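Just below is one structure, and these are the notes that go with it.
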Amino acid sequence: MILVKAEDGRIVFNVQQIERSAGAYDPIVSTHCESDTGIRSKTHAEHVADTRGYDLQRQGQVWDRLTDDD
0 MILVKAEDGR IVFNVQQIER SAGAYDPIVS THCESDTGIR SKTHAEHVAD TRGYDLQRQG
60 QVWDRLTDDD
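FYI, numbering that gives the first Met the number 0 numbers position 22 of the sequence shown as 21, with every residue one higher than the one before it.
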């Protein structure tokens, strides 16, 4: 789960799924944006990641600018 800033200024997140096919050298990576859930804080991001079973990337400009709590 990677936090990104949407065009409208909200913080949303991208989710990447990596698949390996038998016999394939390069993995297939697909990315989709979860824009239905705006992220309010680091605590909220951690809750969303835990609830949905995602690994949260706790780094980058967007993460650094979030407050710790709602």
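Cβ coordinates follow ideal geometry from the N, Cα and C atoms, glycine included.
Since we're looking at a predicted model, the values are computed, not measured.
Residue pairing from DSSP leaves H46 without any beta-bridge partner. Our two residues, R64 and A48, have alpha carbons roughly 18 Å apart in a direct line. Taking a contact as a CB-CB distance under 8 Å, the pair R57 and G37 does not count as one, their CB atoms being some 18 Å apart. The C-alpha of G22 lies about 35 Å from the C-alpha of S34.
Here Q56 carries a coil assignment [DSSP, helix/strand/coil].
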